[in-house]
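Inspection log for the structure reproduced underneath, given as structure tokens.
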Amino acid sequence: MILFEWSADYEIGIPEIDAQHRGLVNMLNDLHVAMKAGKGSEAVQKTVERLLSYTQQHFEAEEWAMKQAHYPEFAKHHKAHLALTTKVVEMLGAGGALPTFELLNFLNDWLKKHIGQTDREFGDFIRARRNATLSPPPL
Ligand SMILES: [Fe+2]
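0 is the number of the first residue of the sequence shown in numbering that gives the first Met the number 0; add one for each residue after it.
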């Protein structure tokens, strides 16, 4: 069974961000497969490192777009990203331990909620602004 089945419901309407979210979901599913298959610790380690570094890059890209758009909820959103990063570092420990299924489930739940809600708010903001820009001034 696929851990995180992507659907159009998760699209927030910003193509670059949607593509990155799909990338994240694919990597999370790869990690799930590797862990379930009991693949050697090296393979699991590599997969989780790939996922975490892509997550960081994605957060930076998303926050860059928010700053560009003068998004009023930027501080709140940045805090949510920071909280996730802190929690993952805490769960993996300083020694960079292997991910547990608890961490995998936590990431899965967090990502579904964050994309479905918090990121969607940004997508809605961008679309509303775009539409406003496209509307001709009243006669
Ligand atoms: Fe986000």
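Ideal placement from N, C-alpha and C gives every residue a C-beta, glycine not left out.
Residue i (DSSP reduced to helix, strand or coil)
i	result
Ile125	helix
Tyr70	coil
Met65	helix
Leu2	coil
Lys75	helix
Thr46	helix
Leu97	coil
Lys38	coil
Element boundaries [alpha helix (DSSP H), containing residue i]
i	result
Leu138	Looking at the DSSP string, Leu138 is not in any alpha helix (DSSP H), and its letter there is neither H nor E.
His113	That residue, His113, is in no alpha helix (DSSP H); it is neither H nor E in DSSP.
Glu10	Glu10 -> no alpha helix (DSSP H), and no H or E assigned at all.
Gly22	Pro14 to Lys35
CB contact check: residue i to chain C, cutoff 9 Å
i	result
Pro137	Structure shown: chain C not included; a single protein chain is present.
Spatial distance of residue i from residue j (CA atoms)
i	j	result
Met26	Leu138	51 Å
Gln67	Asp108	29 Å
Ala18	Leu2	18 Å
Leu51	Ala127	31 Å
Ala36	Val47	15 Å
Asn130	His113	24 Å
Lys45	Leu91	14 Å
Pro98	Phe58	21 Å
Same chain only: Cβ atoms within 7 Å of residue i, ignoring 5 sequence neighbours per side
i	result
Tyr53	Gly22, Leu23 and Met26
Contacting residues, own chain, Cβ-Cβ under 8 Å from residue i (five flanking each side not counted)
i	result
Ile13	Ala64, Phe121, Gly122 and Ile125
Gly39	none
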